[in-house]
Amino acid sequence: MTAMPLPKDHYDVVIIGAGPAGLAAAAVAGKAGLSTLVLDENAQPGGQIFRAITSTPVQRRDILGDDYWRGENLVAETRAGGAVIVQGATVWSLDRDLQIAVSLLGQSQIVKARRVIIATGALERPFPIPGWTLPGVMTVGAGQTLLKSSGLVPDGKVVLAGTGPLLWLYAAQVLRAGGAIDAILDTTPRGNYWRALPYALPFLMSPYRAKGLALMREVKRKVRVVSNVTSLAALGGDKLDAVAFSAGGAEQKIAADTLLLHQGVVPNVNLANAAGVAHRWDERQLCWVPVLDADGNTSVPGIAIAGDGAGIGGALAAAERGRIAAVAAVEALAPGKKSLTPDRSELSNTLRRAELGRAFLDVLFQPAQQFRLPEGDTIVCRCEEVSAARIKETIALGTEGPNQLKAFLRCGMGPCQGRLCGLTVTEMIAQARGMSPDAVGYYRLRPPVKPIALKELASMPHSEQDEKAVVRG
Amino acid sequence: MFKRLPDTQGAAVAVTIDGEPFNAREGDSVAAALLAAGRSYCRETPVTGAKRAPYCMMGVCFDCLVTVDGIGNRQGCLTRVEDGMRIETQHGKREARA
Chain A
1 MTAMPLPKDH YDVVIIGAGP AGLAAAAVAG KAGLSTLVLD ENAQPGGQIF RAITSTPVQR
61 RDILGDDYWR GENLVAETRA GGAVIVQGAT VWSLDRDLQI AVSLLGQSQI VKARRVIIAT
121 GALERPFPIP GWTLPGVMTV GAGQTLLKSS GLVPDGKVVL AGTGPLLWLY AAQVLRAGGA
181 IDAILDTTPR GNYWRALPYA LPFLMSPYRA KGLALMREVK RKVRVVSNVT SLAALGGDKL
241 DAVAFSAGGA EQKIAADTLL LHQGVVPNVN LANAAGVAHR WDERQLCWVP VLDADGNTSV
301 PGIAIAGDGA GIGGALAAAE RGRIAAVAAV EALAPGKKSL TPDRSELSNT LRRAELGRAF
361 LDVLFQPAQQ FRLPEGDTIV CRCEEVSAAR IKETIALGTE GPNQLKAFLR CGMGPCQGRL
421 CGLTVTEMIA QARGMSPDAV GYYRLRPPVK PIALKELASM PHSEQDEKAV VRG
Chain B
1001 MFKRLPDTQG AAVAVTIDGE PFNAREGDSV AAALLAAGRS YCRETPVTGA KRAPYCMMGV
1061 CFDCLVTVDG IGNRQGCLTR VEDGMRIETQ HGKREARA
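Chains as they are written, first to last, in my numbering: chain A, 1 to 473; chain B, 1001 to 1098.
Here it is in C-alpha cells:
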C-alpha cells in the first residue's frame, strides 16, 4: 500500500471547510500553537464566497469587487498561522469519537481530532419549479463560481430569476465584466416588504443597506427587471428554450438559453446531521440550523460548528464565528495559550455588528410558498426523479416523515443525499399533515456523506482485529 | 452557453471530450470545461434517460457526473482538468465491470 497523503493521523483541531469560517478558525488555532488541520473539498481555499481567491483568472479587480478580494488577507493570515491546509480532501464521515474519514487523491484514511470545527457553509436553497432540471438551468451561485474560477460569463439570452442579495451581486459582476442579462425576474413577494418593516432599523444602520441599494441601482440601469413574479417555469425539450412567468396577473414568455435561479442560501447540514448533531427548524430562515451554544458547540461533545452552516449570517459573521469557535478550542485544549488568541468579548461585539440587519434580509427575501412547495409533475428529488404529485400522493397514504417517504419513493436516496430535496420534502409533509417542520423532522443521514468508491473503503488501513470481525472461519 | 472573458489568464490544458480535442484553461473544473466547450449536457440520468448539465457547480447536486479517464460518476465540478484528460459524457446506468 502506498503511503497515506496526510502527514499525521491525529491533530488537536481538525477544521472541515476552508471558507471564511474555517480559514479564520484555523488562523486563530494555528497561531495559538495547536496542531491544526484544515480539510477542504475544493482545489483552492476560499469556500464559495472567496472561491478561487488565490487563482482566479479575472484580472480587473472591480469586476468581483472589494468584498471578494478581502479573502486574500484571510488566506494569507491563515497560512502564516501554521495550520496545515489540505485541498481536494473530501470528508465523508465524522463520528462521536471525533474520528474523521477523508478521501484524498483517491485514497481514504482516518484522522483523529481532539476538537472538530465543522465549517461546511451553505448551499443554495432548492428552487423546484417546472423544468429546473433542464440543461441550461443552473443556480446563480453556479454562474458566479464559473466567473470566479474560470472567467466565464453566460452568453446568448440570459435570464436571472429569484430573490436575495446574491442575485443582484452576480448580476452586477456580469455587467461589469461586459456580459449581458436579458431580464431579471424578481420573485420577492410584495408582502415581504411590510413583514420586514419591524426589522428595518438595525438594517438601516448596517453596511448592507448602502451596498445593497447601490448594487440594485447599478443593475436596474442596464437590465429589464420584472418585479412581483408569482410563477416561473423553465420550458424546453432536451434543453432550455424559454422561461414562462406571471407578474401582476399577466402571463408572459421570454426566450432563454440560460436561466440562473436563486432564492437564498441554507446551511449545508449533511455532515453535522450524520455525526448526530441536534438541529432545529428556523422559522425565519426556513431551514434547519444546528443547536449551538455561544461558542458554537453542538450537542456532540468536541464538535463545534462555525460559519453559515451554523445559520446564515454572511461572510463577515462567518469569520467571527470561526474565531470564536477556535478561541473555545484553545481554552479547552491549551488554556495556557489563551493570551495568544483574540479577545473573546471583542469578537462577540464584531459578530453582533456583522449580524446587524440580518433579520430584515431574512424576512425580506423569504421565498414565497409556491416556490418552496411545488405541485404536479415538477421534480422534487432531482437524483431519483420523483415528482411533487407522487410525493403528495404518498404523504396522503399516511407517510409519517421524510425517512418513510425515502423508503417508499427513493427521494433523498440518490447521490446528493437530500441536499436538493430535503427541505422541500420536510415542508411538503408539514403542510399536508398540518404539522410544524420541526415535528416532521429531516432525513436521518449516514456516512458516507459523499459517495466514495468501494475500492477506497476496501483498501483503508485495518487491523487484524478488524479483519477477524468480518471474516468467517 | 458561456463565454470566456477576453482578458482571462491561464495556460491551455488539452483534454478530450467524448474523443474530441478541446483546449480548457488551467484552473478549470471538468464541468467548467464542458460548459466552455459549448456542451449542452454531460449525462443522461439512470432513471428516465433525461439529459442533465451542471447545476450547482459546488459539489452538492451531482448533476455533473461524468466519466474521467475511464472512471465513472466523477463530480465534474470538483475535478480539475489536466493535460491529456479524457472526459466522457455518461449515458444511463453505470455498468459493473470486471
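Just so it is clear, CB atoms sit at the ideal spot from N, CA and C, and this is done for glycine as well.
Check, Outcome
"Pairwise C-alpha distance: K468/A and T145/A", "47 Å"
"8 Å Cβ cutoff, V1060/B in contact with chain C", "Going by chain labels, chain C is absent from the structure shown, which instead holds the protein chains A and B."
"Same chain only: Cβ atoms within 7 Å of V225/A, ignoring 5 sequence neighbours per side", "I184, D186"
"Beta-bridge partners of H10/A, as assigned by DSSP", "K112/A"
"H262/A - partner residues in DSSP beta bridges", "G162/A"
"Members of the region 139-159 of chain A near chain B, C-beta cut-off 7 Å", "T139, G141, A142, T145, L146, S149, S150, G151, L152, V153, P154, D155, G156"
"Environment of N349/A [buried if 16+ CB atoms lie within 10 Å]", "exposed"
"Length of the line joining the Cα atoms of Q369/A and A18/A", "33 Å"
"Rounded straight-line distance, which links the Cα of P447/A to that of P130/A", "32 Å"
"Range covered by the beta strand (DSSP E) that runs through K1003/B", "1002-1004"
"Close Cβ partners of P135/A (< 6 Å) along its chain, the five nearest in sequence each way excluded", "K239"
"G309/A vs A272/A beta-carbon contact at 8 Å", "yes"
"Completely contained alpha helix (DSSP H) runs for the region 111-156 of chain A, where each covers 4 or more residues", "140-150"
"Neighbour flag for D1007/B against chain A, beta carbons, 8 Å", "yes"
"Enclosing beta strand (DSSP E) for K392/A [first to last residue]", "From DSSP, K392/A is part of no beta strand (DSSP E) but of the alpha helix (DSSP H) over 388-396."
"Endpoints, the alpha helix (DSSP H) within which L454/A is located", "454-458"
"Sub-8 Å separation of R321/A and G307/A beta-carbons", "yes"
"Collapsed DSSP secondary structure at E1101/B in the structure displayed", "In the structure displayed, chain B extends from 1001 to 1098; residue 1101/B sits before or after that span and is not available."
"Residues of the region 381-412 of chain A whose Cβ lies closer than 8 Å to any Cβ of chain B, in chain order", "R382, C383, E384, E385"
"Three or more C-beta pairs below 8 Å linking the region 1031-1051 of chain B and the region 1071-1085 of chain B", "yes"
"Within chain A, partners of D1028/B - CB distance below 8 Å", "S149, S150"
"Local conformation of N1073/B per DSSP, three classes", "strand"
"Beta carbon of A32/A nearer than 8 Å to that of R323/A", "no"
"Chain-ordered residues of the region 246-265 of chain A with a beta carbon less than 7 Å from chain B", "D257, T258"
"Rounded separation between T341/A and A101/A - CA only", "29 Å"
"Extent of the continuous beta strand (DSSP E) to which D241/A belongs", "240-247"
"G141/A versus P290/A: straight-line alpha-carbon distance, rounded", "23 Å"
"Cross-strand partners of D282/A (DSSP beta bridge)", "C287/A"
"Contacts of T1045/B in chain A (Cβ-Cβ under 7 Å)", "E385"
"Short CB-CB distance (under 8 Å) between C421/A and chain B", "no"
"Local conformation of A3/A per DSSP, three classes", "Reliability fails at A3/A, whose pLDDT of 46 lies under 50, so the model's placement of it is uncertain and no value is given."
"G212/A, enclosing alpha helix (DSSP H) - first and last residue", "207-220"
"Listed by chain order, chain A residues near F1022/B by CB distance under 7 Å", "Neighbours of F1022/B on chain A: none; closest Cβ ~13 Å, over 7 Å."
"Inter-stretch contact at 8 Å, needing at least 3 Cβ pairs: the region 79-86 of chain A / the region 31-45 of chain A", "yes"
"CB contact below 8 Å: L123/A versus chain B", "yes"
"Chain A contacts made by the region 1081-1096 of chain B, where a contact means CB separation under 8 Å", "none"
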